[in-house]
Amino acid sequence: MAATYLILPAKRLIIQRFIGPTGAEEIKQLMLRVCADPLFDNTFHTLMDFTRAVLKVGIAEVSLICDFIFSLTKGATGSAAIVASGPLGTALAMLFSK
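Residue numbers (the numbering used here): 1 to 98.
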């Protein structure tokens, strides 16, 4: 699995990309790296790209991942979007939107 991110302060944007087999732990680890980055600002907008990921998480884990993300970004004012394909990616996007 390859997980990368890019913070574009001038555009107030954080881009996260997941490629290949991706489990809950990989998603959590990338989120922790993003939040620890000195350029991180919780008012920035976030785009998470799962289109090239092969999600290795169960439906129950999707809810836990969303809870983890929300706990890290509590008080954030930026919006977030998920680009995904396949049933698990769609489920993650739907739960994240709630």
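Glycine included, every Cβ here is placed at the ideal spot set by N, Cα and C.
Practice task
Starting from PHE70, trace the alpha helix (DSSP H) both ways and give me its first and last residue.
Solution key: 59–72
- Query: Taking the C-alpha atoms as reference points, what is the distance between PHE40 and VAL83?
  - Reply: 21 Å
TODO: Mind listing, in chain order, the continuous alpha helix (DSSP H) runs of no fewer than 4 residues lying wholly within the stretch 26–51?
DONE: none
What do you get for LEU6, buried or exposed, if any count of 16 or more other CB atoms within 10 angstroms of its CB means buried?
exposed
* To do: Take the Cβ of GLU26 as the centre, count every other Cβ of all protein chains shown within 10 Å, and call the residue buried at 16 or more, exposed below.
  => buried
Hey, would you say GLY89 sits closer than 8 Å to PHE50, going by beta carbons? yes
request  = Return yes when the Cβ of ALA53 is within less than 8 Å of the Cβ of THR22, no when it is not.
outcome  = yes
Practice task
Keeping to the same chain, check which residues put their C-beta closer than 7 Å to that of GLY75; ignore five residues upstream and five downstream.
Solution key: ASN42
Close-in-space but distant-in-sequence residues of the same chain around ALA2 (CB under 7 Å, 5 per side omitted):
ILE19, GLY20
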